[in-house]
Amino acid sequence: MRTPQHSIRIMKAVDFVRKQRSGGSKPLLLRLEDGRIAHVKFQRNPQTTRSLVNDLIGTLLGHSLKAPVAEAVLVDVPSTLRAQIPYLTKYRWLPGLQFGTIYIEDAIPIKQSKRHQDISNWSELPLCALLETWLFNQDVKLSHVLCVPENGMSRFMIVDHGFIFPSGPLWSIHDLKRRKGEFPSPDALTWLALRSPHRFNFEDALNRISALSSDNITSVISLVPAEWGLSSQRMRAIADFLAYRQKKLGNVATKFQTLWNRNKEEVDDDVKTPDSPSSSLNLPLVAEPVTFHEVPHIPDVPFKEDMSQSSEKESKKSDPR
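According to the UniProt record's numbering, the sequence shown is numbered sequentially starting from 1.
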């Protein structure tokens, strides 16, 4: 599947590996036709098909920015695998295109790793923070920050964007309009930043997100498979929501940079990319203040299926796809 700016591979699932040990969407590990294993979320999972929409958009926007996010694929699960995947029947899930990310066997949640100081990509933390705040990700937690061994050190990567946008998978067009000025604080990333001895520079992160054109954003949204039921009205609402918030990130970046560098010596050891030679605070400000929104803790437990389905029905009545 391809647009002028973006593409995502469609890979056929050939074998069931196992169910994942956690996750409210009840994800499964499936072997793909190229031999790799994918972490797969299904249509009509307990967190609704909309969680697949969110995950695809959030992950692909991360790819566009070269942020450390998981490699995304659309996984074609044929009906012939039904006998091997009893969960298709148990949870009334549908065969067809599902959302997948390539599984990395030796990746572990960073909260279980004691190697914070061995992280090699600290310079990407500001980009991740701005990205997740821009997307209104309400589910940034340490279990979604993975530590991946690499060349004797480790790098972090962000996974799971199913709860981006206000109200998570159950968002409505009204939610996007009403809460477009709120910016969730990714406390897990701040926790990491405050435990790093480095100072952080947000200039490059802000420039990258600001450089995304409306065509870039729209082309990512257009990659959502038609069978996932995202209407053209909802697509436009997402594009408008992100475009509005994109213009407000200057103040957000300034707030983060001030907080993350608090009580750190002002020496020239800022963690920055080659595109950010300056360590000075040189971020554009917007006149209108932004609101940081404290997000309540979301436990790693599934929604009740009847609750998620009834919410979808109510959403369809008031805001048809």
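In this text, a Cβ means the ideal position worked out from N, Cα and C, and glycines have one as well.
For clarity, every value in this text was computed on a predicted model and none was experimentally measured.
Which residues in the same chain have their Cβ closer than 7 Å to the Cβ of residue i, if we skip the five residues on either side of it in sequence?
i, result
"Ala-193", "Leu-125, Phe-200 and Trp-260"
"Tyr-103", "Leu-29, Ile-37, Ala-38 and His-39"
"Thr-49", "Gln-43, Trp-228 and Gly-229"
"Lys-111", "Leu-142 and Ser-143"
"Lys-264", "Arg-199"
Kindly indicate which residue of the options has the alpha-carbon position closest to the one of residue i.
i, options, result
"Arg-178", "Gly-152, Phe-136 and Val-77", "Phe-136"
"Leu-249", "Ala-205, Asn-216 and Ala-239", "Ala-205"
"Arg-262", "Thr-190, Val-224, Ala-226 and Val-77", "Thr-190"
"Lys-247", "Glu-182, Asp-187 and Ile-110", "Glu-182"
"Gln-20", "Thr-49, Ala-83 and Tyr-87", "Tyr-87"
"Glu-71", "Gly-62, Pro-78 and Ser-79", "Gly-62"
"Lys-180", "Ala-243, Arg-234 and Ser-214", "Ala-243"
"Leu-74", "Ile-57, Phe-99, Arg-82 and Tyr-91", "Phe-99"
"Arg-245", "Glu-105, Pro-184, Ile-158 and Ile-110", "Pro-184"
"Ala-237", "Ala-226, Ile-85, Ile-217 and Leu-130", "Ile-217"
"Ser-7", "Leu-146, Leu-223, Phe-256 and Ile-173", "Leu-223"
"Leu-81", "Phe-16, Gly-58, Cys-147 and Leu-97", "Phe-16"
"Lys-255", "Glu-203, Val-140, Val-159 and Gln-47", "Glu-203"
"Thr-133", "Ile-209, Asp-215, Ser-231 and Ser-213", "Ile-209"
"Leu-146", "Asp-215, Asn-207 and Asp-160", "Asp-160"
Could you round the C-beta distance between residue i and residue j to whole angstroms and report it? I think they count as a contact, below 8 Å.
i, j, result
"Val-220", "Leu-60", "5 Å"
"Cys-128", "Ala-67", "6 Å"
"Arg-155", "Ile-119", "7 Å"
"Trp-93", "Arg-44", "5 Å"
"Ile-10", "Asp-76", "6 Å"
"Lys-26", "Tyr-91", "6 Å"
"Pro-95", "Lys-12", "No, Pro-95 and Lys-12 are not in contact; Cβ-Cβ is about 11 Å, not under 8 Å."
"Leu-131", "Leu-65", "6 Å"
Cutting at 6 Å between CB atoms, please list the residues of its own chain near residue i, excluding the five before and the five after it.
i, result
"Val-14", "Arg-31 and Glu-33"
"Trp-171", "Phe-165"
"Thr-101", "His-39, Ala-70 and Ala-72"
Using a Cβ-Cβ cut-off of 8 Å (strictly less than) and excluding sequence neighbours within five positions of residue i, which residues of its own chain qualify?
i, result
"Arg-18", "Leu-28 and Leu-29"
"Asp-175", "Phe-165, Pro-166 and Ser-167"
"Ser-310", "Low confidence applies here, because Ser-310 scores a pLDDT of 36, under 50, leaving its location unreliable; read the following figure in that light. Here the set comprises nothing."
Name, in chain order, the residues that DSSP records as bridge partners for residue i.
i, result
"Met-153", "Glu-150"
"Pro-109", "Leu-146"
"Thr-101", "His-39 and Ala-72"
"Ile-10", "Leu-74"
In chain order, each alpha helix (DSSP H) run of at least 4 residues that lies wholly inside the stretch 240-270
The stretch 240-270 contains these whole alpha helix (DSSP H) runs: 249-260.
Scan the stretch 157-182 and note each continuous alpha helix (DSSP H) run of 4 residues or more that stays entirely inside, going in chain order.
Entirely contained in the stretch 157-182, the alpha helix (DSSP H) runs reaching 4 residues are, in chain order, 173-178.
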